[in-house]
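Remarks on the structure that follows.
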Amino acid sequence: MPVRRRSARAASSRWSPTRAMRGETKRPTPWRPGRRPSRRRSFGPCPIGSRIGATTRRACLQSRSVTPKRGPSPPCWGLPLSPRSYPGRAMCLILFAKDVHPEYPLIFAGNRDEFYDRPTAPAAFWDDAPHVLGGRDLKAGGTWLGITRKGHWATVTNVRDERPRRDDAPSRGRLVADYLREEPAPEAYLDGLETEADQYNGFNVLVGTPEKTFYYSNRDGTPRPVRSGIHGMSNAQLDDSWPKVERGTSGLDALCEDKDLSIEALFDILDDRQPAPDGQLPQTGVGRETERMLSPPFIDGDEAYGTRASTVFLVHRSGRVTFAERSFDGGTATETRDFSFNLASPVAS
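Below is the structure:
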């Protein structure tokens, strides 16, 4: 099937939730009390604060602010859509079935949502670690998801909450990359990670093998094993009932009743672009409009942000691994990469 490629979208001057995510500010129509305002005076520094992220400033008007000669002060143009800091990093959806399907003890499906300008390498076996299969974040050097030839797999999401974000924190993608490179026992890896978890911004990490899976969040206690069943995770804790998680796990549950599982059926679950009703939206401090944009399993955002990749993999009881990654640009699929390999031994029951 030919690959459809989408031309780059022209830059837009319209306001969008993505601009709020980047920390840009929304500049309203200038306040005019019946006459043209004077530009001879200016505001002082905005008392709200001056930083949202590592390089993004609240653009409070100072030397060129508009101040009327009479009447009340105009609104502060340094306010973002939400007065709270936005984490400004990848959103994700993770779905997996552990020991549910009769033929596949592990079924995985996930979306990676990110800014389109963040440099990324598509899924491949790594040159510097040939046993690892996964995409690469070329900015920070880590990855969001991967699996090894021995069947060790891991994935990470950020936690979207109202806590301040540390600009000097190490990349959370390193957590996945280190586990895949070293292939330790999952529980041992997380025990070691727990001692340094405070260095990182909020994260959820899943590490495992075809036989066992462990979960840990530095916002949610200690590492714990994951029971058999259908599970979902976004940017809250494992199995929290966000709308996209509920819809994704329901679809995966129904799919697991079909013995002849297909890769395309998993991609269909991930391609759900219907926003959740406003009454079901989580409240994470980013504003209603942004919550709505982030609510579907597949984020068909704007010219700057959205779902960048969908990934599925199946581990058969025979030890056969089938892996596929579909890349997107502006909501349009551009490429699907398929891989398959055999583990050293069948998966233990």
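Oh and the sequence shown: position 249 is 249 in the UniProt record's numbering, straight run, nothing missing. Every residue, glycine too, gets a C-beta built ideally from N, C-alpha and C. Just so it is clear, the structure is predicted and the values come from calculations on it, not from any experiment.
Under 8 Å, with one C-beta from each stretch per pair, do the segment 225-245 and the segment 311-328 reach the 3-pair mark? No, because fewer than three Cβ pairs between the segment 225-245 and the segment 311-328 fall closer than 8 Å, the two stretches do not touch.
Quick check on Pro346: buried or exposed, where buried means 16 or more other Cβ atoms within 10 Å of its Cβ? As a working note, residue 346 is residue 346 in the sequence shown. Exposed: under 16 other Cβ atoms inside 10 Å.
With 16 other CB atoms within 10 Å as the buried threshold, where does Leu138 fall? Along the sequence shown, one-based indexing puts residue 138 at 138. Exposed, by the Cβ-count rule.
Could you tell me if Asp113 is buried or exposed, where buried requires 16 or more neighbouring beta carbons within 10 angstroms of its beta carbon? Translated into positions along the sequence shown, residue 113 becomes position 113. Its Cβ being crowded by 16 or more others within 10 Å, Asp113 is buried.
Under a three-way DSSP split, which group does Gly192 fall into? Counting from 1 along the sequence shown, the entry for residue 192 is found at position 192. Gly192: helix per DSSP, three-state reduction.
Helix, strand or coil: how does DSSP classify Thr249 here? As a first step, residue 249 must be located in the sequence shown, where it is residue number 249. Of the three classes helix, strand and coil, the one that applies to Thr249 here is helix, per DSSP.
Distance, Cα to Cα, Pro170 vs Thr322? Here residue 170 refers to the residue found at position 170 when the sequence shown is read from its first residue. Here residue 322 refers to the residue found at position 322 when the sequence shown is read from its first residue. Straight-line Cα distance between these residues: approximately 32 Å.
Quick one: Cα of Leu261 to Cα of Ser228, how far? Looking up residue 261 in the sequence shown gives position 261. Looking up residue 228 in the sequence shown gives position 228. Between Leu261 and Ser228, the C-alpha separation is close to 18 Å.
Classify Lys259 as buried or exposed, calling it buried when 16 or more other Cβ atoms lie within 10 Å of its own Cβ. Locating residue 259 in the sequence shown gives position 259, where the first residue counts as 1. Classification for Lys259: exposed.
Note down the Cα distance separating Arg337 from Glu325, rounded to an integer number of angstroms. For the purposes of this step, residue 337 is identified with residue 337 of the sequence shown, where counting begins at 1. For the purposes of this step, residue 325 is identified with residue 325 of the sequence shown, where counting begins at 1. Rounded to whole angstroms, Arg337 to Glu325 spans 5 Å at the Cα level.
Just how far apart, CA to CA, sit Pro184 and Ala177? The residue labelled residue 184 in the question sits at position 184 within the sequence shown. The residue labelled residue 177 in the question sits at position 177 within the sequence shown. C-alpha separation (whole angstroms): 12 Å.
Would you say the beta carbon of Gly142 is closer than 7 Å to some non-hydrogen atom of the ligand COA? Only the bare structure without any ligand can be found here, which leaves the ligand COA out of the picture.
Looking at Phe203 and Val156, is the spacing between their C-beta atoms short of 8 Å? By one-based count along the sequence shown, residue 156 stands at place 156. By one-based count along the sequence shown, residue 203 stands at place 203. Val156 is a Cβ neighbour of Phe203, given a cutoff of 8 Å.
Taking just the CA atoms, how far does Asp191 sit from residue 352? Here the chain covers residues 1 to 349 and nothing more, so residue 352 does not appear.
Under 8 Å by Cβ, that's how I've got Leu175 and Val205 pegged, so tell me the actual separation to the nearest angstrom. In the sequence shown, counting from the first residue as 1, residue 175 sits at position 175. In the sequence shown, counting from the first residue as 1, residue 205 sits at position 205. Contact flag correct, Cβ pair sits at about 5 Å.
Measure how close the beta-carbons of Leu95 and Gly232 come, nearest whole angstrom, since I'm counting them as under 8 Å. By one-based count along the sequence shown, residue 95 stands at place 95. By one-based count along the sequence shown, residue 232 stands at place 232. Between Leu95 and Gly232 the beta-carbon gap is near 5 Å, inside 8 Å, which marks them as a contact.
Per the DSSP calculation, Phe298 is bridged to which residue(s)? Within the sequence shown, the letter at position 298 stands for residue 298. Answer is none; Phe298 lacks a bridge partner.
The alpha helix (DSSP H) spanning Asp258 covers which residue range? On the sequence shown, position 258 is the one that residue 258 refers to. Neither: Asp258 is in no alpha helix (DSSP H) and is coded neither H nor E.
Give the secondary structure of Gly330 by DSSP, where H, G and I count as helix, E and B as strand, and everything else as coil. Numbered from 1 along the sequence shown, position 330 holds the residue referred to as residue 330. Note: Gly330 maps to coil in three-state DSSP.
Does any residue of chain B bring its CB to less than 8 Å from the CB of Phe328? This model lacks chain B altogether; it includes just one protein chain.
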